[in-house]
Amino acid sequence: MAVPSGEDVYATLLLTDSYLPGALVLAHSLRDANTTKKLAVFVTLDTVSVEVVSQLKVSTQWPHLLSLSRIR
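Add 1 to the 1-based position in the sequence shown for the working numbering, that's all there is to it.
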């Protein structure tokens with residue numbers, strides 16, 4: 002799901018499965034700070050497992066999930 006252009010967004014990047022806990026804590030902290038900004042997470046599908054992507058999809062922490070191709 003793409004984030005509408007012209008809006009402010011907090012975004013993070015998951016390069017591996019081990020980034021998931023930090024991304025969830027970040028989203029939770031931003032929500033605790035009462036942010037009104039959109040939250041988006043970028044995921045490299047060739048280095049992040051299907052299970053982690055599924056967890057992100059069902060999580061309400063990161064409503065905008067965007068996939069990226071890894072640059073080598």
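Backbone N, C-alpha and C define an ideal beta-carbon position, used for all residues, glycine too.
* **Beta bridge counterpart(s) of residue 45 as assigned by DSSP** => 69
* **Beta-carbon proximity list for residue 14, same chain, < 7 Å, skipping 5 on both sides** => 43
* Asked: Would the beta-carbon of residue 28 fall within 7 Å of that of residue 46?
  -> no
* Straight-line gap, residue 48 to residue 70 (C-alpha atoms, nearest Å) -> 10 Å
* So residue 25 packs on residue 62, CB below 8 Å; how close in whole Å? -> 6 Å
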